[in-house]
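Visitor: Sharing a structure, written as structure tokens. Questions coming.
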């Protein structure tokens, strides 16, 4: 609609500019004379048409021919006056402007009809939707009582509350899972530390037990055991 208004305003501005240019080039008095001559010609044409519809005599036909000749002469005279006042370029521009205005008018008319079709289609769709809404409302009033509708609303509110509570519990559960993961990680670190400590203690206890065994063994056996253990230690060091 806004585009249509802008096109109409443009056509009006072009028409006003065209009329102003004619006033500037030809003159208001000559334009008025031209309008008067055209009005007289239209009146003569109307009279001729009316006379043609009736039975005309030979004299009337001759009078009609004379009137037509006079009318043609006046039209030629008006054309010559316009051409003498307006040069060829301006005359072509005037014709082009008139053609553009006519095309725009045709486009506006086409757009108006298309717009009317769209409006009618939209009105039909809205009417159909209103009818469907009224039918649904009527069916709901027949099939669902006010108490049932109230119970349905209460059930919806209860479900909404449960969903909110479930979401809150899920958030708390996620926080607990994070805490448990942290505790497990800490416990794993502690377990690794304990394992290392126990390994160190085990190695030290084995060393002490070996020392105690050596203290209780006599000297000869200690030397023979040391000789037997020497190849083992050597093989271990090689490996």
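Numbering (the working numbering), first residue to last: 1495 to 1733.
We put the beta carbon where it would ideally sit given N, CA and C, even for glycine.
What is the rounded straight-line gap between the Cα of residue 1647 and the Cα of residue 1657?
Guide: Translated into positions along the chain shown, residue 1647 becomes position 153. Translated into positions along the chain shown, residue 1657 becomes position 163. Between residue 1647 and residue 1657, the C-alpha separation is close to 15 Å.
Visitor: Whose CA, out of 1560, 1557, 1568 and 1563, lies closest to the CA of residue 1530?
Guide: Here residue 1530 refers to the residue found at position 36 when the chain shown is read from its first residue. It is 1568.
Visitor: Roughly how many angstroms separate the alpha carbons of residue 1623 and residue 1632, rounded to a whole number?
Guide: For the purposes of this step, residue 1623 is taken as the residue at position 129 of the chain shown. For the purposes of this step, residue 1632 is taken as the residue at position 138 of the chain shown. In a straight line, the C-alpha of residue 1623 is about 14 Å away from that of residue 1632.
Visitor: Whose C-beta lies closer than 7 Å to the C-beta of residue 1615 among residues of the same chain, with five residues either side of it excluded?
Guide: Here residue 1615 refers to the residue found at position 121 of the chain shown. Hits under 7 Å: none found.
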